[in-house]
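Mapped onto the numbering used here, the consecutive letters of the sequence shown carry residue numbers 29 to 368.
All C-beta atoms in this analysis are idealised placements derived from N, C-alpha and C, irrespective of residue type, glycine included.
Model, not experiment: these values are computed from the prediction.
Have a look at the structure below, then the notes.
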Amino acid sequence: MSNITTIDTLPKNIFKLKEKLGGLLTETKGVYTLKLDELCGKGEIKQYILNNGIVVYKFNIALNNDLVFEFETQAKDSLFFAYCTQGTSFFKSNDNEKYNKTEELRPTILLNNLNTQQNIIIKKDFNFTFDLIEINNTEYFNSFTQNNVNANLEIENLVNYLKTHKSHTKLNAYNLKVSDKLRKTNTDSTTTPLTGLLKTKSTYLYILALYLEQFYNEVYNNKITSTLSKSELQKVRLLTDFIVTNPELQHTINSLCQKISMSPAKLQEGFKAMHDTTVADFVRNIRVEKAEKLLLETDLNISEIVYSIGLTSRSYFCKIFKHKYNCSPKRYRKISLNKY
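Written out as structure tokens, the structure is:
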């Protein structure tokens, strides 16, 4: 890790944020991380640079004062995909007088009309968890259409829509799948630096695909992702975090419903919207993933791992582990450790 001291090596926006907020700016393997000065707040802002004109900004901060900031776009036809997991912010482009609020759990698309800046206001005294994906519109979509005489009709429709709706904010329906994938970008960083970075970048590309899929379906197919309210979706998101943090607890439908004051039907609908699976299958999968991590990172034996993830039957654990990883836990540990 290296401290950044020269302006020329810095992406403009992360450097401007450092001027505004102070703190320590570092760079590791092309990822810029700004840890805030305590006088301004707490938390950090990250910037990832992907391929084909894609830049990602990840905010996980709490400010002591409101922040008004002008994002410099990388191209005149830049396109922003914003997702606010928690907190309050507002966006507008230079030629708009009105700010638009980015609602929690609702993907927002910000279209640029030959501007060089997008303006954002981040409110103080809130935990602000926010991800912003910027794409160079021309460069990104050209990567699909170059040397391809039979370009995908959906891509052509999207490109034409973007051309005719410049300087426009599109607020999509609530989407918990994006929140679920963003949660994985937090856990990816706990793995080794190289594999964690690769996982994070690939996850953001997948998230971009979710944005574009939802955007297209709502514009052209009139499909809505979920019928649950924002407060209900937030409950499902928080319950997801609770299960991930506490896989060893006995998570029954009744206990989970009581925890968030939600009916079983709505709970199942929420997990279907966020995870594409049932509550029981999600809990089972989280336990197996926790077990896989314990196999690789601890010296616990199989029986101890079974107990630590809230199961009592070793044979049942081996069965569900093999179903997911196509390998017994013992052999999985042996093969994985031999790689190193």
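If you ignore the 5 residues before and after Ser-356, its C-beta comes within less than 8 Å of the C-beta of Cys-346, Phe-349, Lys-350, all in its own chain and listed in chain order. Listed in chain order, the non-local C-beta contacts of Val-84 below 6 Å within the same chain comprise Tyr-76, Ile-161, Tyr-232, local neighbours out to five positions each way being set aside.
Within the same chain, Tyr-202, Val-264, Lys-294, Glu-297, Gly-298, Ala-301 come within 8 Å of Leu-256 by CB-CB distance, once the 5 residues on both sides are set aside. Under the DSSP assignment, Asn-313 falls in the alpha helix (DSSP H) whose first and last residues are 307 to 325.
Fewer than three pairs of CB atoms, one per stretch, sit closer than 8 Å, so the stretch 111 to 118 makes no contact with the stretch 179 to 188. Runs of the beta strand (DSSP E) spanning 3 or more residues and lying entirely within the stretch 94 to 160 occur at 95 to 100, 106 to 114, 117 to 121, 136 to 139, 145 to 150, in chain order. Apart from sequence neighbours up to five positions away, the residues of its chain that approach Pro-275 with a beta-carbon distance below 8 Å are Val-311, Ile-314, Arg-315, Lys-318, Ile-337, Gly-338, ordered along the chain. Annotated three-state conformation of Glu-55 is strand, per DSSP. Beta-bridge pairing by DSSP links Ala-90 to Lys-70, Asn-155. When the beta-carbon positions are compared, Leu-261 and Leu-204 come within less than 7 Å of each other. If you draw a straight line from the Cα of Ile-82 to the Cα of Asn-124, it is about 24 Å long. Listed in chain order, the beta strand (DSSP E) elements of length 3 or more contained wholly in the stretch 238 to 303 amount to none. With a contact defined as Cβ atoms closer than 8 Å, Ile-163 and Val-206 miss out at about 16 Å. Scanning its chain for C-beta atoms nearer than 6 Å, with the 5 sequence neighbours on each side dropped, one finds around Lys-129 the residues Phe-118, in chain order. CA-to-CA, the gap between Ile-42 and Lys-227 works out to about 22 Å.
In summary, Asn-93 is exposed, with fewer than 16 beta-carbon neighbours lying within 10 Å of its beta-carbon over all protein chains present. Here DSSP, grouped into helix, strand and coil, assigns Tyr-85 to strand.
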